[in-house]
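As they're listed, the protein sequences go chains S and G.
Start counting the first sequence at 0; every next residue gets the next number (numbering that gives the first Met the number 0).
Start counting the second sequence at 0; every next residue gets the next number (numbering that gives the first Met the number 0).
We put the beta carbon where it would ideally sit given N, CA and C, even for glycine.
From a predicted model like this one, the values you see are computed outputs, not experimental measurements.
This report refers to the structure that appears directly beneath it.
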Amino acid sequence: MSSRILYVDDEADIREIAILSLELDPTFDVRSCTCGIEAVDVAAKWDPDLVLLDVMMPEMDGPQTLAALRRIEGLDNVPVVFITARTQAKDVSDLMALGAAGVIAKPFDPMSLAAIVREFLP
Amino acid sequence: MPAPPIPVDEQERRLLLERFRLTDSGTEQPFDHLARTASLVFGVPIALVSIVTADEQVFKGNCGLGAASTPRDQAFCAFTINVDRIMIVEDTLLDERFCDNPLVTGDPHIRFYAGVPLRVSNGSALGSLCIIDHEPRTLDSDQVAALEAMAATAVDIIQLRLGSLMAENQFILLQEQSEALRKATLRQSAVLESAMDGILSVDPTGLIAASNPAAAQLFGLEGSDLVGHAIGNLLKTDIGPFDLLTTDFVRRVDGMPSHNECHGLRGDGRQFVAEVAISSFNLEGARNFVLTLRDITERKKIEQMKSEFVATVSHELRTPLTAIAGSLGLIAGGAAGELSPKVRHLSEIALNNTTRLVRLINDILDMEKIEAGQSVFNPAPISLSSVIDLAVQENEGFTEKFEVRITVNEIDPNAVVMADSDRLMQVMANLLSNAAKFSPQGSVIEVSAERRVRGWRVNIADRGTGIPDDFKSRVFEKFAQADGSNARNSVGTGLGLSIAREIMTWMGGSVSFADRTGGGTVFSIDIPDVHADRAESCALICQEQPDAAARACMQFERAGFQTKLALSLDEVRALTAKRHYSVLLLDLSTEGGEVAKLISELRQRDDYSFTPIILTAFQSTDTGGGMPLAVANWLHKPLSPEAVRNGLKSIIAPVRPGRPRILHVEDDADVLRLVSIALDGRAELHCVGNINEARTELTAHDFDLAILDLGLPGGSGTELLPDMWRSDGKPVPVVIFSAREDDPGISRKVHAVLTKSRASLTELVATVESVLNRPDLAKQEDPA
Chain S
0 MSSRILYVDD EADIREIAIL SLELDPTFDV RSCTCGIEAV DVAAKWDPDL
50 VLLDVMMPEM DGPQTLAALR RIEGLDNVPV VFITARTQAK DVSDLMALGA
100 AGVIAKPFDP MSLAAIVREF LP
Chain G
0 MPAPPIPVDE QERRLLLERF RLTDSGTEQP FDHLARTASL VFGVPIALVS
50 IVTADEQVFK GNCGLGAAST PRDQAFCAFT INVDRIMIVE DTLLDERFCD
100 NPLVTGDPHI RFYAGVPLRV SNGSALGSLC IIDHEPRTLD SDQVAALEAM
150 AATAVDIIQL RLGSLMAENQ FILLQEQSEA LRKATLRQSA VLESAMDGIL
200 SVDPTGLIAA SNPAAAQLFG LEGSDLVGHA IGNLLKTDIG PFDLLTTDFV
250 RRVDGMPSHN ECHGLRGDGR QFVAEVAISS FNLEGARNFV LTLRDITERK
300 KIEQMKSEFV ATVSHELRTP LTAIAGSLGL IAGGAAGELS PKVRHLSEIA
350 LNNTTRLVRL INDILDMEKI EAGQSVFNPA PISLSSVIDL AVQENEGFTE
400 KFEVRITVNE IDPNAVVMAD SDRLMQVMAN LLSNAAKFSP QGSVIEVSAE
450 RRVRGWRVNI ADRGTGIPDD FKSRVFEKFA QADGSNARNS VGTGLGLSIA
500 REIMTWMGGS VSFADRTGGG TVFSIDIPDV HADRAESCAL ICQEQPDAAA
550 RACMQFERAG FQTKLALSLD EVRALTAKRH YSVLLLDLST EGGEVAKLIS
600 ELRQRDDYSF TPIILTAFQS TDTGGGMPLA VANWLHKPLS PEAVRNGLKS
650 IIAPVRPGRP RILHVEDDAD VLRLVSIALD GRAELHCVGN INEARTELTA
700 HDFDLAILDL GLPGGSGTEL LPDMWRSDGK PVPVVIFSAR EDDPGISRKV
750 HAVLTKSRAS LTELVATVES VLNRPDLAKQ EDPA
């Protein structure tokens with residue numbers, strides 16, 4: 000059975016690389032969004048198994064998107080993993096305190112990204 | 000003609016002439032009157048008051064002689080000053096000494112001479128009063144007496160003159176002094192006027208007593224005088240108006256200027272960040288303060304901008320790097336199809352360097368955060384062996400890459416250290432990857448741990464080429480790399496060791512290195528121990544104001560205590576009856592007498608007889624009727640976090656049974672003896688004179704306290720601070736007793752700093768007793 004992974008990032012290049020990396024795992028069904036608003040929309044319809052969220056995005060940033068996702072029925076428990084360039088201990092603990100399942104540092108290793116994400120799947 | 004003899008006291012005589020100001024030529028009226036009187040009384044044509052100087056006689060009083068002086072070798076008076084009472088030459092032509100004297104053979108044709116020496120009170124003859132005639136004469140005894148009386152009058156005049164001369168001198172001196180004072184004041188005020196920093200003198204009530212223009216300018220009150228303003232209206236701290244009399248400031252200004260940051264309030268309502276250096280001085284028995292103020296708003300802004308800039312740049316750099324590293328990773332990983340060996344090799348080079356760039360950015364950001372004090376460290380008790388195992392495991396990639404092996408020698412599974420585990424891992428990873436980088440292929444890196452007095456030491460030993468001697472001093476510098484030609488160096492950022500050291504310092508440990516016997520280098524990390532028993536310690540807190548209680552709870556919890564709040568003294572009674580608390584914080588300001596009663600009750604009980612009790616009060620004099628309270632510490636209200644922390648410091652080293660054992664490090668045998676006498680057998684004193692002996696003692700025994708001199712043969716006593724740990728993992732409280740006070744930072748590291756010149760032995764003994772926190776000692780001190 001395949002896992003639905005929703006990847007949210009405003010950087011097109013990184014989005015493309017992340018999708019390529021995640022799709023190295025044939026059991027992953029990956030969709031991407033360019034902003035938090037779109038992500039909330041897609042997630043509500045698509046019901047992903049895991050959401051990968053960039054932190055710094057215009058208009059609606061990662062933490063705000065997380066909060067919005069949590070308000071959607073059926074998504075209040077979906078694992079949300081932040082993927083961010085800000086990975087100081089303080090930044091990570093702040094993100095974890097918001098209820099994230101994990102934090103992945105940018106730049107990530109594309110060859111092992113899928114394996115790392117798999118760890119967070121329920 | 001024989002020359003006149005030189006008196007034996009000639010030197011003293013001449014000094015006196017100077018002092019009496021008699022060497023100038025020219026007559027003076029009182030002496031002239033005397034000479035004239037003598038001439039009339041004795042009916043002689045010439046009468047003189049003469050003074051014999053170094054080479055002539057000068058006439059201060061002259062009646063009948065044309066000359067103002069004559070050479071000393073011809074002077075009759077030069078003979079007179081050698082006689083006791085009077086010299087009479089009745090006929091010069093019949094006297095061998097004078098018959099061929101030019102004053103006899105020529106003008107003024109002296110035939111008769113009678114002179115009485117002018118002897119001042121010390122016995123020296125300064126000159127003579129003489130009468131001269133052109134005819135031979137004799138004097139009867141009355142006439143001799145008259146001449147002597149006149150000479151005595153001349154002496155009186157000379158000596159009286161000294162009095163007025165001295166008064167005149169005094170006056171001139173005073174004038175000179177006041178002029179000097181005026182100039183000094185002018186200079187000082189010029190310094191004050193032109194100083195860039197604001198300088199304020201503040202009286203004990205907090206009112207400004209003097210200020211300079213820079214201070215007025217700082218507060219936007221140019222041209223006006225700050226004198227009379229309350230300092231609390233101009234400066235405020237984060238917690239309220241700036242109050243010099245809060246314990247915090249006063250304690251810190253004792254002896255050395257303290258630096259504080261606070262907010263300055265300008266006349267126009269704007270604020271600035273002020274750096275304030277405070278020192279104090281005594282004026283009429285009251286403590287006054289000098290505040291030097293500097294506006295550091297700009298500096299703070301720049302520091303802040305630098306931090307933000309580094310953070311932003313790092314983040315902005317990482318975004319494109321993510322794309323580059325990601326693409327390269329996918330290519331090199333074969334995700335984009337099979338590669339020719341050349342392309343694979345090139346893409347690996349690109350990937351390696353991208354990774355290096357990422358690490359560099361991470362390190363710079365890390366360094367910046369640590370240096371700016373923004374890094375958060377969360378020390379917790381962690382198992383040493385598991386940290387080491389994890390670090391070795393995480394570095395397997397590195398060891399494979401450099402084809403080296405890591406072996407871990409058996410590590411005590413019970414070894415527990417106090418550290419931030421992420422940060423410790425970072426340090427370990429750093430040292431392990433370094434060791435791997437510099438090790439020859441196929442060699443083994445050995446990791447071991449050893450028990451130290453103060454904690455645990457982890458050694459990472461490699462068989463690399465070793466650190467060149469000329470590089471050893473720079474190993475921990477930023478961007479320092481020994482040998483640029485070493486291709487393997489390209490992996491490092493040059494920041495790793497410098498970050499490792501910063502991290503360990505923040506955690507109360509250190510990083511060091513040494514050459515390894517047989518080649519290679521050993522890097523060592525010293526990690527402090529856990530104060531294991533503190534986790535179970537519970538503090539009982541009873542404070543009148545709820546906010547004070549909450550603050551105190553927080554501070555105690557930070558220090559590793561559990562806390563229990565009691566709302567009244569009755570509740571304290573009830574709670575202490577149920578279980579033992581390791582420390583009590585009680586409030587004296589409400590029911591002083593009740594608190595005293597409660598303490599004496601507790602002290603009667605076996606389980607509370609030595610329990611540290613900290614009292615809070617608005618004033619330490621507020622002792623509830625002078626009762627001898629056996630308490631560990633006094634804290635002033637309002638409670639500041641620092642005061643609570645300091646109060647806690649005194650109880651962290653718990654009481655051990657028996658007499659307290661004190662290490663006294665001092666090279667002055669007298670001080671050693673005095674302290675020993677002052678403590679009077681109440682402690683077991685171990686006295687040593689230098690640092691090495693002290694180290695030996697510290698390894699051999701557990702001490703309850705160390706008294707340290709700073710200026711010791713072979714180095715400063717502060718070098719011993721890292722060794723101040725006991726085998727049970729507790730710190731040894733340190734009291735500095737030294738003539739030197741050159742390191743203002745020292746007071747933060749030790750329990751107390753006493754300056755030899757300032758602190759009496761009694762004070763030292765009192766401090767020692769308070770540090771040892773032994774109520775039994777305090778009781779011995781007080782016979783009541």
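Practice task
Taking K368 of chain G as the query, report the chain S residues whose CB atoms sit under 7 Å from its CB, ordered along the chain.
Solution key: Position 369 of the second sequence holds residue 368 of chain G. Simply Q87.
Practice task
Find the residues of chain S that neighbour L320 of chain G, judging by a C-beta separation of less than 7 Å, and give them in chain order.
Solution key: The sequence position of residue 320 of chain G within the second sequence is 321, counting from 1. Per Cβ cutoff of 7 Å: P106.
Problem - N433 of chain G classed as buried or exposed, judged by whether at least 16 other C-beta atoms fall within 10 angstroms - result: Translated into positions along the second sequence, residue 433 of chain G becomes position 434. With 16 or more Cβ atoms within 10 Å of its Cβ, N433 of chain G is classed as buried.
Exercise for the section: Thinking V51 of chain G and G126 of chain G are a contact (beta carbons under 8 Å), I'd like their distance in whole angstroms, please. Expected result: Indexing the second sequence from 1 puts residue 51 of chain G at position 52. Indexing the second sequence from 1 puts residue 126 of chain G at position 127. Rounded to whole angstroms, the Cβ separation of V51 of chain G and G126 of chain G is 5 Å, and the two are in contact under 8 Å.
Problem - Beta carbon of I387 of chain G nearer than 9 Å to that of V457 of chain G - result: Counting from one through the second sequence, the residue named residue 387 of chain G turns up at place 388. Counting from one through the second sequence, the residue named residue 457 of chain G turns up at place 458. Pairing I387 of chain G with V457 of chain G gives a Cβ-Cβ distance under 9 Å.
Handout entry: is_contact[M55 of chain S, chain G] using C-beta, thresh 9 Å
Key = As a first step, residue 55 of chain S must be located in the first sequence, where it is residue number 56. Yes, M55 of chain S lies at the interface with chain G (some Cβ there is under 9 Å from its Cβ).
Exercise for the section: Run through the region 194-248 of chain G for me and flag every whole alpha helix (DSSP H) of 4 or more residues, listed as ranges in chain order. Expected result: Whole alpha helix (DSSP H) segments, 4+ residues: 212-217.
Practice task
List the DSSP bridge partners of M86 of chain G.
Solution key: Taking the first residue of the second sequence as 1, we reach residue 86 of chain G at position 87. Looking at the DSSP assignment, M86 of chain G forms a beta bridge with G:G114.
Handout entry: Segments assigned beta strand (DSSP E), at least 3 residues, entirely inside the region 1-81 of chain S
Key = Complete beta strand (DSSP E) runs here, min 3: 2-7, 27-32, 49-53.
Practice task
Taking a Cβ distance cut-off of 8 Å, strictly less, list which residues of the region 573-604 of chain G are near chain S, in chain order.
Solution key: With the criterion set as a beta carbon lying under 8 Å from some beta carbon of chain S, the region 573-604 of chain G has no members that meet it.
Practice task
Report yes or no: do the region 9-21 of chain S and the region 321-332 of chain G share at least 3 C-beta pairs separated by less than 8 Å?
Solution key: Yes: the two stretches touch, three or more of their Cβ pairs being nearer than 8 Å.
Practice task
In angstroms with no decimal places, state the Cα-to-Cα distance between E134 of chain G and G63 of chain G.
Solution key: As a first step, residue 134 of chain G must be located in the second sequence, where it is residue number 135. As a first step, residue 63 of chain G must be located in the second sequence, where it is residue number 64. Computed Cα separation, rounded: 15 Å.
Practice task
Indicate whether at least one CB of chain S lies closer than 9 Å to the CB of H685 of chain G.
Solution key: Residue numbering aside, residue 685 of chain G sits at position 686 when the second sequence is read from its first letter. No, H685 of chain G lies away from the interface with chain S (no Cβ there is under 9 Å from its Cβ).
Handout entry: Alpha carbon of L494 of chain G to alpha carbon of S20 of chain S, nearest angstrom
Key = Against the second sequence, residue 494 of chain G aligns to sequence position 495. Against the first sequence, residue 20 of chain S aligns to sequence position 21. Between L494 of chain G and S20 of chain S, the C-alpha separation is close to 31 Å.
Practice task
Indicate, with yes or no, if the ligand GTP has a heavy atom lying under 8 Å from the CB of A699 of chain G.
Solution key: Looking for the ligand GTP in the displayed structure turns up nothing, as the structure carries no ligands at all.
Handout entry: Counted within 10 angstroms of its Cβ, other Cβ atoms place E221 of chain G as buried (16 or more) or exposed
Key = Here residue 221 of chain G refers to the residue found at position 222 of the second sequence. In the assembly as shown, E221 of chain G is an exposed residue. Its beta-carbon has fewer than 16 other beta-carbons within 10 Å.
Practice task
Report the three-state DSSP secondary structure of F560 of chain G (helix, strand or coil).
Solution key: Here residue 560 of chain G corresponds to residue number 561 of the second sequence, with the count starting at 1. Reduced to three states, the DSSP call for F560 of chain G is coil.
Exercise for the section: Return the CA-CA distance between E95 of chain G and D132 of chain G, expressed in angstroms with no decimal places. Expected result: Reading the second sequence from its first residue, position 96 is the one you call residue 95 of chain G. Reading the second sequence from its first residue, position 133 is the one you call residue 132 of chain G. Rounded to whole angstroms, E95 of chain G to D132 of chain G spans 18 Å at the Cα level.
Practice task
Taking S326 of chain G as the query, report the chain S residues whose CB atoms sit under 7 Å from its CB, ordered along the chain.
Solution key: Numbered from its first residue, the second sequence carries residue 326 of chain G at position 327. Scanning chain S for C-beta atoms nearer than 7 Å to the C-beta of S326 of chain G yields I16, reported in chain order.
Handout entry: First and last residue of the uninterrupted alpha helix (DSSP H) at H344 of chain G
Key = Within the second sequence, numbered from 1, the residue matching residue 344 of chain G stands at position 345. Per DSSP, H344 of chain G belongs to the alpha helix (DSSP H) from 340-370.
Problem - Reduced DSSP secondary structure (H/G/I, E/B, other) of A565 of chain G - result: As a position in the second sequence, residue 565 of chain G is number 566, starting the count at 1. Taken through DSSP and simplified to helix, strand or coil, A565 of chain G comes out as coil.
Practice task
Look at L585 of chain G and C541 of chain G and say whether their C-beta atoms are less than 9 Å apart.
Solution key: Here residue 585 of chain G refers to the residue found at position 586 of the second sequence. Here residue 541 of chain G refers to the residue found at position 542 of the second sequence. A contact, by the Cβ cut-off of 9 Å.
Problem - D365 of chain G at chain S interface by Cβ criterion, 9 Å - result: Mapped onto the second sequence, residue 365 of chain G falls at position 366. Chain S, which has a Cβ nearer than 9 Å to the Cβ of D365 of chain G, makes this yes.
Exercise for the section: Determine whether the Cβ of A84 of chain S lies closer than 9 Å to any Cβ atom of chain G. Expected result: Within the first sequence, numbered from 1, the residue matching residue 84 of chain S stands at position 85. By this cut-off, A84 of chain S is an interface position.
Practice task
Could you say if the region 30-40 of chain G and the region 10-20 of chain G meet the contact criterion of at least three C-beta pairs nearer than 8 Å?
Solution key: Fewer than three Cβ pairs drawn from the region 30-40 of chain G and the region 10-20 of chain G lie within less than 8 Å of each other, which leaves the two stretches out of contact.
Practice task
Using a Cβ-Cβ cut-off of less than 7 Å, list which residues of the region 410-427 of chain G approach chain S; keep chain order.
Solution key: Listed in sequence order: D421.
Exercise for the section: Would you tell me roughly how many angstroms separate the C-alpha atoms of A544 of chain G and A538 of chain G, rounded to the nearest one? Expected result: Position 545 of the second sequence, counted from the first residue, corresponds to residue 544 of chain G. Position 539 of the second sequence, counted from the first residue, corresponds to residue 538 of chain G. Ala is not the amino acid found at residue 544 of chain G; the sequence shown has Gln there. About 17 Å.
Practice task
Grab me the residues of P6 of chain G's own chain with a C-beta within less than 7 Å of its C-beta, minus the 5 sequence neighbours each way, in chain order.
Solution key: Mapped onto the second sequence, residue 6 of chain G falls at position 7. The residues R12, I80, N81, A124, in chain order, have a CB closer than 7 Å to that of P6 of chain G in the same chain once the five nearest residues on each side in sequence are set aside.
Handout entry: Opening and closing residue of the alpha helix (DSSP H) in which K89 of chain S lies
Key = Indexing the first sequence from 1 puts residue 89 of chain S at position 90. Segment 88-96, the alpha helix (DSSP H) holding K89 of chain S.
Handout entry: Delimiting residues of the beta strand (DSSP E) encompassing L684 of chain G
Key = One-based indexing of the second sequence puts residue 684 of chain G at position 685. Taken as a continuous stretch (DSSP letters only), the beta strand (DSSP E) holding L684 of chain G covers 683-687.
Problem - Own chain, CB closer than 6 Å to G713 of chain G, minus 5 neighbours either side, in chain order - result: Within the second sequence, residue 713 of chain G is the residue found at index 714, counting from 1. Closer than 6 Å at Cβ, skipping near neighbours: N689, I690.
Problem - Listed by chain order, chain S residues near H314 of chain G by CB distance under 7 Å - result: Numbered from its first residue, the second sequence carries residue 314 of chain G at position 315. Within 7 Å Cβ-Cβ: A84, R85.
Problem - Pairwise C-alpha distance: L614 of chain G and D532 of chain G - result: The residue labelled residue 532 of chain G in the question sits at position 533 within the second sequence. The residue labelled residue 614 of chain G in the question sits at position 615 within the second sequence. Confidence is the limiting factor: at D532 of chain G the pLDDT is only 39, short of 50, which leaves the residue's position unreliable, though a coordinate-based value still follows. When rounded, the distance between both Cα atoms is 23 Å.
Exercise for the section: Would you check if the distance between the CB atom of D528 of chain G and the CB atom of M503 of chain G is smaller than 9 Å? Expected result: Locating residue 528 of chain G in the second sequence gives position 529, counting from the first residue. Locating residue 503 of chain G in the second sequence gives position 504, counting from the first residue. In this structure, D528 of chain G sits away from M503 of chain G, with a CB-CB distance that is not shorter than 9 Å.
Practice task
Report yes if the CB atom of I16 of chain S is closer than 9 Å to the CB atom of P109 of chain S, and no otherwise.
Solution key: Here residue 16 of chain S refers to the residue found at position 17 when the first sequence is read from its first residue. Here residue 109 of chain S refers to the residue found at position 110 when the first sequence is read from its first residue. For I16 of chain S and P109 of chain S, yes; Cβs fall inside 9 Å.
Handout entry: C-alpha gap between A551 of chain G and L564 of chain G, whole angstroms
Key = What you label residue 551 of chain G is simply residue 552 of the second sequence in a count that begins at 1. What you label residue 564 of chain G is simply residue 565 of the second sequence in a count that begins at 1. If you take the alpha carbons of A551 of chain G and L564 of chain G, they lie about 10 Å apart.
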